[in-house]
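*Asks:*
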Amino acid sequence: MWDFISANAQVLTLCITAATLIVWTVYGQLMAKGLYRSQLPRLFLKQAGGRGLQSRCYLANMGLESAYLRSVFIDMQTADGHARGTVNAYQPASDEEAGGGYTRTGVLGPVQGNAHISLGRFSDLLESSAFDAGLTASRKAPVSTINLQRFTVTAILNYGPDEKLIGAVRDFSLDSAGERVGPTSVDTTLLKGWRHRRRLKRDLQRVMRSDY
Numbered sequence: 000m001w002d003f004i005s006a007n008a009q010v011l012t013l014c015i016t017a018a019t020l021i022v023w024t025v026y027g028q029l030m031a032k033g034l035y036r037s038q039l040p041r042l043f044l045k046q047a048g049g050r051g052l053q054s055r056c057y058l059a060n061m062g063l064e065s066a067y068l069r070s071v072f073i074d075m076q077t078a079d080g081h082a083r084g085t086v087n088a089y090q091p092a093s094d095e096e097a098g099g100g101y102t103r104t105g106v107l108g109p110v111q112g113n114a115h116i117s118l119g120r121f122s123d124l125l126e127s128s129a130f131d132a133g134l135t136a137s138r139k140a141p142v143s144t145i146n147l148q149r150f151t152v153t154a155i156l157n158y159g160p161d162e163k164l165i166g167a168v169r170d171f172s173l174d175s176a177g178e179r180v181g182p183t184s185v186d187t188t189l190l191k192g193w194r195h196r197r198r199l200k201r202d203l204q205r206v207m208r209s210d211y
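Taking numbering that gives the first Met the number 0, I'd label the letters of the sequence shown as residues 0 to 211.
1. Flag this pair as yes or no: are the beta carbons of I165 and L190 separated by less than 8 Å?
2. So for Q204, helix, strand or coil by DSSP?
3. Would you call the segment 50-59 in contact with the segment 167-186, where contact means no fewer than 3 C-beta pairs closer than 8 Å?
4. Buried or exposed for I21, please, with buried defined as at least 16 other CB atoms from any protein chain shown within 10 angstroms of its CB.
5. Using 10 angstroms around the beta-carbon of L58, count the other beta-carbons present and answer buried if the total reaches 16, otherwise exposed.
6. Can R69 and I15 be called in contact, C-beta distance under 8 Å?
7. Expressed to the nearest angstrom, what Euclidean distance is found between the alpha-carbon atoms of G84 and M75?
8. DSSP on S212, reduced to helix/strand/coil?
9. Between the Cα of L42 and the Cα atoms of S127, A114, G108, S54, which residue gives the shortest distance?
10. Have a look at N198 and R149 and give me their C-alpha separation to the nearest angstrom.
11. Please determine, among C56, I116, F130, T151, the residue with the shortest C-alpha to C-alpha distance to S184.
12. Nearest by alpha-carbon distance to E64: which of P160, D123, R169, P141 is it?
13. Spatial neighbours of F130 within its chain, please: C-beta separation below 6 Å, excluding the five flanking residues on both sides.
14. Identify the residues that DSSP records as bridge partners of K139: which are they?
15. Should T12 be labelled buried (16 or more other beta-carbon atoms within 10 Å of its own) or exposed?
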């Protein structure tokens, strides 16, 4: 056996080197893939606390990277057409309700990795966005006054160390009585392509030019 090894030492060395290179290449690819997956944004808009208008809308950041919530838009489809409003000026009832355990003074602000925040009750969010869109004369006007049929919540965030803009979108609907709300889409849609980022940036610029 030793004679065979001595006679073929060079070939065996090349084989061992090649095998080692293959193992480390595969290991490196797995590590890179794991790192890439860990940096992917995983954002969810979800409903909790029942199906009434007093239920809450939560934004969950299930990725490892922190994010910063820049703006929340609500696109409303009423019997009279489409309107868009923001809830940026909406103030939750308390910091505890909005902050998920840490201090914040409104809806907008940081969202830590593997954490969630409450955007507020659907009734409050819809009333605030309806007022912002000019559909009502008061921020506390009941949702029933605008004949709302369905709506879309869009959260715009800066995500990760490079702070790229990303959007989280989910559709909801109201029943005919305007008392029960629920999601119409199974998942939250993420807007993260360069075309989406351009559109989200334009949306933010319009908000910056507004009163808020």
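Yeah, the Cβ is synthetic: ideal placement off N, Cα and C, and Gly gets one too.
*Replies:* Looking at the coordinates:
1. What you label residue 165 is simply residue 166 of the sequence shown in a count that begins at 1. What you label residue 190 is simply residue 191 of the sequence shown in a count that begins at 1. Cβ distance < 8 Å, so I165 and L190 count as in contact.
2. Counting from 1 along the sequence shown, the entry for residue 204 is found at position 205. Of the three classes helix, strand and coil, the one that applies to Q204 here is helix, per DSSP.
3. Short answer: they touch.
4. As a working mapping, residue 21 is identified with position 22 in the sequence shown. Answer is exposed; the Cβ neighbour count stays below 16.
5. For the purposes of this step, residue 58 is taken as the residue at position 59 of the sequence shown. Flag for L58 reads buried.
6. Reading the sequence shown from its first residue, position 70 is the one you call residue 69. Reading the sequence shown from its first residue, position 16 is the one you call residue 15. Note that the C-beta distance between R69 and I15 is not below 8 Å.
7. Here residue 84 refers to the residue found at position 85 of the sequence shown. Here residue 75 refers to the residue found at position 76 of the sequence shown. Straight-line Cα distance between these residues: approximately 8 Å.
8. The chain is shown only over 0 to 211; residue 212 falls outside these bounds and no answer can be derived.
9. Taking the first residue of the sequence shown as position 1, residue 42 is located at position 43. Cα-wise, what sits closest to L42 is A114.
10. To locate residue 198, count along the sequence shown from 1; it is residue 199. To locate residue 149, count along the sequence shown from 1; it is residue 150. Here the sequence assigns Arg to residue 198, which means Asn is not the residue at that position. R198 and R149 have their alpha carbons spaced roughly 22 Å apart.
11. Indexing the sequence shown from 1 puts residue 184 at position 185. Closest by alpha carbon: T151.
12. Looking up residue 64 in the sequence shown gives position 65. Here the closest residue by C-alpha is P160.
13. Taking the first residue of the sequence shown as position 1, residue 130 is located at position 131. Excluding positions up to five away in sequence, the list reads R138.
14. The count along the sequence shown starts at 1 and reaches residue 139 at position 140. Answer is none; K139 lacks a bridge partner.
15. Mapped onto the sequence shown, residue 12 falls at position 13. By the neighbour-count rule (16 or more Cβ atoms within 10 Å), T12 is not buried but exposed.
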